[in-house]
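In the numbering used here, the protein residues as written are 701 to 869. Where a beta carbon is used, it is the ideal one built from N, C-alpha and C, also for glycine. For reference, the structure is listed below as C-alpha cells.
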C-alpha cells in the first residue's frame, strides 16, 4: 500500500497483495496549511499479516514546487527511509495544487472553461467591431470614387472670380 502524508494529515491506499508492481489509481485531497514549508510524502509499504509493515521507500514533494492549477505528473526514484534499507523502484504520481478559492478540481476546471468562453466572446465581439469598421471604410471609399466628375476635362471643379476692388464671398 501507499501511505500519503502532508503534515499530520494521512491517507492510506488499499492493500494490493501478491504483486511487485501495484497500481492504486486512488485520489486524495489535503489541506495545505503552509505552502512554503509543507511537503507531501508518499511512502510505499509492504503489508505483512503477522509482522510489522515494512517501508520499501518514499518520495517527497515540497508543496512550494507545485504551480497552482498545473499538474505535476512524473516518475520518481524511491529514497531510503533509513541508511540500512535496501531500496529499489520508482513510483508514478500525479499531484495538483488547487487555489483555496476552488473547493474541488471540478470547480477549477469549470472556472477555466468559463474564462475560455469569456475570452472567446470578447474575441467575437472585437472581430464583429473590426468587420463593421472595415465595411464602413469600404463604403466611404466607394462613395469617394463614385463622386461625379465633370463631363469634360476643360471644366474646372472649382472657379473663383477674383478682381481688384471686389470682395470674394
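- Residue 759: member of the beta strand (DSSP E) spanning 754–762, first to last residue.
- In terms of CA proximity to residue 759, 791 leads the group 724, 796, 791.
- Spanning the alpha carbons of residue 715 and residue 786 requires a straight line of approximately 21 Å.
- Of the other Cβ atoms in all chains shown, 16 or more fall within 10 Å of the Cβ of residue 704; this residue is therefore buried.
- For residue 772 and residue 832, the gap between their C-alpha atoms comes out near 45 Å.
- In this structure, the alpha-carbon of residue 720 lies about 14 Å from that of residue 778.
- With contacts defined by Cβ atoms closer than 8 Å, residue 733 and residue 707 form a contacting pair.
- Put simply, of 845, 749, 798 the residue whose alpha carbon is nearest the alpha carbon of residue 718 is 749.
- In the DSSP annotation of this structure, the continuous segment of the beta strand (DSSP E) that includes residue 712 starts and ends at 709–712.
- Straight through space, the alpha carbons of residue 825 and residue 741 are spaced by roughly 48 Å.
- Judged by DSSP in its simplified three-state form, residue 767 adopts coil rather than helix or strand.
- Look at residue 746 here: in three-state DSSP terms it is strand.
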